[in-house]
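In terms of the numbering used here, the sequence shown is numbered consecutively and its last residue is 187.
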Amino acid sequence: MASNGLKLFLSTKSSFKIFRPLSMSGVKMMEENVVKPKAEEVNKLFNEEDKHEDVKRSNSPRKGAYSMNRLELIGGVANDPIQRVSSRNVEFTTFILATNIAQRNSNSSEPRVYVDFHDVMAFGGMSAYIKNNCKKGDRLFVTGRLSYSERFSPSGDRIKKAYVVAERINHVGFNKNKRE
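Put into structure tokens, the structure is as follows:
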């Protein structure tokens with residue numbers, strides 16, 4: 008029964024298309040085509056009156072509204088982690104995590120493997136752990152949240168970049184060739 012469900016999931020092309028835009032490799036963000044909702048529309052969405060009378064609601068626009076921002080990635084460290092210091096004098100570590108996805112074309116029986124690269128940031132004690140224990144080639148299980156930073160190019164264009172803020176990191180495997 009479970010294998011039939013898996014076959015059905017893998018046979019649907021649309022399921023892969025849903026996940027592809029979350030990666031940063033090969034996807035060019037066209038910010039001029041993105042329509043952002045107005046603040047009042049967002050507040051209205053999160054402030055909708057509950058249809059049940061027994062549920063008490065606060066006047067705060069987003070209190071009680073459920074939302075979630077969570078990522079889980081398993082992949083290989085693509086570069087040695089780099090320790091940095093923010094403008095507010097906070098130490099953090101960055102690295103790139105590479106993940107693979109195999110997708111079958113309808114024209115070919117062989118799956119094509121795509122590699123996605125995810126920028127990961129870690130703060131606090133996890134930053135020191137990554138700096139001291141993670142090397143290029145290690146396999147990691149990263150749990151975190153998706154966040155965005157915004158900056159301006161020298162020409163004045165706004166650049167928005169997605170990255171993962173790591174909340175938990177576990178080693179899945181080590182690169183034996185790179186260990187001292």
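Just so you know, even glycine gets a beta-carbon here, dropped at the ideal spot from N, CA and C.
DSSP places Ala169 in the strand class (E or B) of the three-state scheme. With a 10 Å radius around the Cβ and a threshold of 16 neighbouring Cβ atoms, Ala129 comes out buried.
The C-alpha of Arg95 is placed about 29 Å away from the C-alpha of Leu80.
Fewer than three Cβ pairs drawn from the stretch 102-118 and the stretch 150-170 lie within less than 8 Å of each other, which leaves the two stretches out of contact. The beta carbons of Asp145 and Asn182 sit about 5 Å from each other, so the pair counts as a contact at 8 Å. Between Asn140 and Val120, the gap from beta carbon to beta carbon reaches 7 Å or more. In this structure Asn76 is in contact with Arg152, their Cβ atoms being roughly 4 Å apart against a cut-off of 8 Å.
With 16 or more other Cβ atoms from the protein chains shown falling within 10 Å of its own Cβ, Ile137 counts as buried.
Taking C-beta atoms as the reference points, Val127 and Ala85 fail to come closer than 7 Å. Bounds of the beta strand (DSSP E) holding Met128 are 118-130.
In this structure, the straight-line span from the alpha carbon of Ser162 to that of Val97 is close to 29 Å. Restricting attention to Asn50, Val179, Lys168, the CA atom closest to the CA of Thr150 is found in Val179. A buried status is given to Pro88, since no fewer than 16 other beta-carbon atoms sit within 10 Å of its beta-carbon.
In this structure, DSSP gives Val97 a state outside helix and strand, which the three-state scheme calls coil. Per DSSP, the continuous beta strand (DSSP E) segment holding Phe148 begins and ends at 146-159. If you compare the alpha carbons of Ala46, Lys168, Asn50, Phe99 with that of Met133, the shortest gap goes to Phe99. Per DSSP, the continuous beta strand (DSSP E) segment holding Gly83 begins and ends at 78-84.
By the neighbour-count definition (other C-beta atoms within 10 Å, threshold 16), Gly131 is an exposed residue.
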